[in-house]
Every structure is written in C-alpha cells, then in structure tokens.
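Numbering (this note's numbering), first residue to last: 11 to 129. Notes to accompany the following structure.
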C-alpha cells in the first residue's frame with residue numbers, strides 16, 4: 011500500500027470542514043489496497059437533510075478557495091441532502107442524514123478498513 015500523503019491530508023481537511031458544520035460521527039476509512047477508486051473515504055452524518063447539504067456546500071466552497079483550488083470530479087445528492095457524495099478522486103466523501111447512513115451501512119460494508127474517528 012503506497013503512502014498518499016496528499017490524499018490523507020485532503021481527507022483530514024474534509025473531515026475538519028464537516029466538523030465545522032457540526033457533522034457527527036465523522037470517520038476516515040483508509041481504503042488503500044481495498045478499492046481502485048479511492049485511497050480514503052470520509053463518512054459523516056447530519057441531523058437533517060438541510061444540514062447535510064450545508065456540510066457538503068461548506069466542503070465545496072472552502073476547497074475551491076485558497077492557494078490550490080480543488081473542485082470535485084462529481085457530486086451526487088445535493089438536491090435532496092439525504093446522501094451527498096463528493097468525489098475528489100483519491101478521496102470520496104459520503105454525507106448522510108442518520109437514518110440513511112444506518113440503512114446503507116457503509117461503515118459495516120468496509121469494516122475491515124483501518125479507520126480514524128474525528129471529534
């Protein structure tokens with residue numbers, strides 16, 4: 011598993027930006043060697059669809075400003091806010107309202123992945 015410090019730093023930055031918007035249960039999964047599409051997955055929960063959308067918007071706005079602007083390759087779910095996906099190539103963020111997160115259980119699906127819980 012090759013180290014990818016830029017992706018790890020981005021995953022942490024996304025996690026911190028989510029915490030700024032009061033996200034709960036923020037977890038970074040180290041997916042290196044487990045998937046071909048991302049080195050890190052960030053999973054977080056919001057209390058409402060509106061909060062989930064605000065969390066996603068904050069990540070997008072903050073990452074596209076600054077010295078090295080980043081834009082997601084793709085986004086899904088911004089309209090409903092129940093499950094928002096932000097794809098930043100080596101880092102993918104999944105933002106859920108609580109019920110949807112429990113239903114899809116990505117945490118359980120990737121139970122073997124090393125994880126870092128942010129608080």
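Idealized CB from N, CA, C, for every residue including glycine.
| Asked | Found |
| --- | --- |
| In three-state DSSP terms, what is residue 80? | coil |
| Looking at the secondary structure, which residues open and close the beta strand (DSSP E) in which residue 68 lies? | Not the beta strand (DSSP E): residue 68 falls in the alpha helix (DSSP H), residues 59-74. |
| Taking residue 87 as the reference, which of 74, 63, 27, 108 has the closest Cα? | 63 |
| Taking its Cβ as the centre, do 16 or more other Cβ atoms sit within 10 Å of residue 121, making it buried, or is it exposed? | exposed |
| So which of 36, 83, 127 has the shortest CA-CA distance to residue 54? | 36 |
| From what residue to what residue does the alpha helix (DSSP H) around residue 126 run? | Per DSSP, residue 126 belongs to no alpha helix (DSSP H); it is in the beta strand (DSSP E), 125-128. |
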